[in-house]
Ligand SMILES: Cc1ncc(COP(=O)(O)O)c(C=O)c1O
C-alpha cells in the first residue's frame, strides 16, 4: 500500500475544510450554479463537470493562454488545460484568428473547402500517415476505426487493455476481473454485453495479447501507447512495437490512440518511436480546443476501404456525422497544425514539464512519501506507488480518490488547477517558470498538510 492510512485520514479532513474555504471564496460561482441548476442538472452542461471536488462548480469568466479567471475574479495557473483539449494553451492566437476569419465565410456546408487539401498535407507531414478522415471528437474517431476494422477484416472482436479509456466508445468499456473480461458495471444504458466482442488483456503482457490474437478472430487492437486514463502506466521497452508485429502476424489491425500521448512530442509517441500501426487517432487539441478529431491510416487500409465502399449494400454506412470535417474545424486545425503544434512550442513544453516533474519529485522526497512522478513529454503525473506501474491492475491499486481530491482542491484554493482525474498535469506553450514554481510550492504545502505539518497557507 502506497498511501499511509494516516495520510488518507488527514485527506478526508482536509477535503472538508477546503470545501468550506472554496465556498467562502466563490460567492458568484455559487449564485451561477444555483441559476444554471434550474435548467442544467447540477448547474453544468455536461455531468462530468461535477467531478471536481468543489461543493459547487467553478464558473469561468475567461481562459487565455495558461490562465483561467473565474467569475469571482480569481485567476489560476492552469495545468488541467481542459484535460488536454487546451494542451496548447487556451485560445491560441493563430487558432483564434483562423476561427474569426472563417466565421464570416461559412461554418459548415457538408462539402470540402479550399482548405481541405492543405490540411491533408499538414496531417500527413505531421504524423506520417498518407490518408485521413475527420470526426467531431476522439470518441467518434475511435468508434469509426472500430467499425472500419470490422468491415475490412470481417472479424467481430476488439482487443483493448485493462485500464484503458477511449472516450464514449462502448467497445472499450471492459476490464479484467480475475483473468476474465467483464463489461464495466459503470457503463450506463448498455444492454448488449460488450464482453461478448471485446477482450481485455493486461497492458505490457505480450504473451497474453498474442494468445488472444492467435485465435485469428480479432479485428482491431485499440490502445494508447501508454495508459493515461488511470494512474499512468508507461509501456515496457519494445512492447508496442512487438504488439503491432504480433497483430500483423495474425491478420489483426492496430490503432494507436494518441489523444493524450500527443504530449510526447511532435508526431506523438508514434513518431517518437517510429511505430507503424494501421490507424492513428488524435482528438482533443488537434484543432486548438475546437471540437474536432482525426484518424489517419495506411495506403493499404485506404485501398481496402475503397473496395468495401464499392461493394457494400446501398444505404448509410453508419460511419460519420453531419458536422464532421466542417469548414470551421478545418480552419482551426490548419492554424493549430501549422502555427501552434510546432517543434519550438513542444521544446518549451517538454523542458518545463521536466522541471515540473523534478520539482514534484523533490517535494515527494522531502516529505518521505513512497510515491513516483511519471512523465510523458509535456504531461507529468504523481502516482501513489513507490515504483513505475506496469499494468492496469497495478494502476487501479495505486489510485486513492480521497488523497487525490484533497490535493486537487487544496491546489485549486491556492490558484492552481490540475485535472480532477488522477494527478495529471500538462504544460502548455504559454506556461511560465513562475506557473511551475507556483504549482510545485503549493504542492509541497499540500503534502505538508497531508503529513500533519504546520504552516500551510491560504
Ligand atoms: C485516450 C483517449 N481517447 C479518446 C478520448 C475521448 O475524447 P473525447 O472525450 O474528446 O471524445 C479520451 C478522453 O479522455 C482519451 O483519453
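Numbering (my numbering), first residue to last: -16 to 441.
Beta carbons are placed, not taken as given, at the ideal position from N, Cα and C, and that holds for glycine.
What you are looking at is a predicted structure, and each value in this text was computed from that prediction instead of being measured.
Taking just the CA atoms, how far does residue j sit from residue i?
| i | j | result |
| --- | --- | --- |
| residue -1 | residue 362 | 29 angstroms |
| residue 193 | residue 124 | 26 angstroms |
| residue 62 | residue 51 | 10 angstroms |
| residue 424 | residue 337 | 16 angstroms |
| residue 33 | residue 5 | 15 angstroms |
| residue 115 | residue 277 | 7 angstroms |
| residue 286 | residue 167 | 36 angstroms |
| residue 106 | residue 235 | 25 angstroms |
| residue 320 | residue 28 | 29 angstroms |
| residue 36 | residue 399 | 14 angstroms |
| residue 439 | residue 427 | Unreliable placement is indicated for residue 439, whose pLDDT of 48 sits below 50; the coordinate value is still reported in the next sentence. Distance between the alpha carbons of residue 439 and residue 427: 9 angstroms. |
| residue 173 | residue 341 | 43 angstroms |
| residue 322 | residue 303 | 28 angstroms |
| residue 15 | residue 101 | 43 angstroms |
| residue 128 | residue 238 | 8 angstroms |
| residue 369 | residue 355 | 6 angstroms |
| residue 372 | residue 94 | 46 angstroms |
| residue -5 | residue 396 | 16 angstroms |
| residue 81 | residue 310 | 11 angstroms |
Can you round the beta-carbon distance between residue i and residue j to whole angstroms, since I take them to be within the 8 angstroms contact cut?
| i | j | result |
| --- | --- | --- |
| residue 443 | residue 375 | Shown here, the chain extends from -16 to 441; a query on residue 443 therefore has no answer. |
| residue -3 | residue 389 | 4 angstroms |
| residue 216 | residue 335 | Actually they are not in contact, since the Cβ atoms of residue 216 and residue 335 sit about 23 angstroms apart, beyond 8 angstroms. |
| residue 73 | residue 46 | 4 angstroms |
| residue 394 | residue 432 | That belief does not hold up - the Cβ atoms of residue 394 and residue 432 are roughly 11 angstroms apart, past 8 angstroms. |
Under the three-state reduction of DSSP, which class applies to residue i: helix, strand or coil?
| i | result |
| --- | --- |
| residue 50 | strand |
| residue 451 | One cannot answer for residue 451 here, as it falls past the ends of the chain, which runs -16 to 441. |
| residue 343 | helix |
| residue 207 | coil |
| residue 329 | helix |
| residue -3 | helix |
| residue 238 | strand |
| residue 80 | helix |
| residue 219 | coil |
| residue 70 | coil |
| residue 188 | coil |
| residue 271 | strand |
| residue 94 | coil |
Just to confirm, is the Cβ distance from residue i to residue j under 8 angstroms?
| i | j | result |
| --- | --- | --- |
| residue 121 | residue 267 | yes |
| residue 392 | residue 2 | yes |
| residue 130 | residue 298 | no |
| residue 284 | residue 261 | yes |
| residue 183 | residue 164 | yes |
| residue 254 | residue 111 | yes |
| residue 204 | residue 226 | yes |
| residue 91 | residue 258 | no |
| residue 406 | residue 365 | yes |
| residue 408 | residue 339 | yes |
| residue 220 | residue 139 | no |
| residue -14 | residue 383 | yes |
| residue 248 | residue 177 | no |
Establish whether the CB of residue i and some CB of chain B are separated by less than 8 angstroms.
| i | result |
| --- | --- |
| residue 236 | In summary, chain B is missing from the structure at hand, where a single protein chain is found. |
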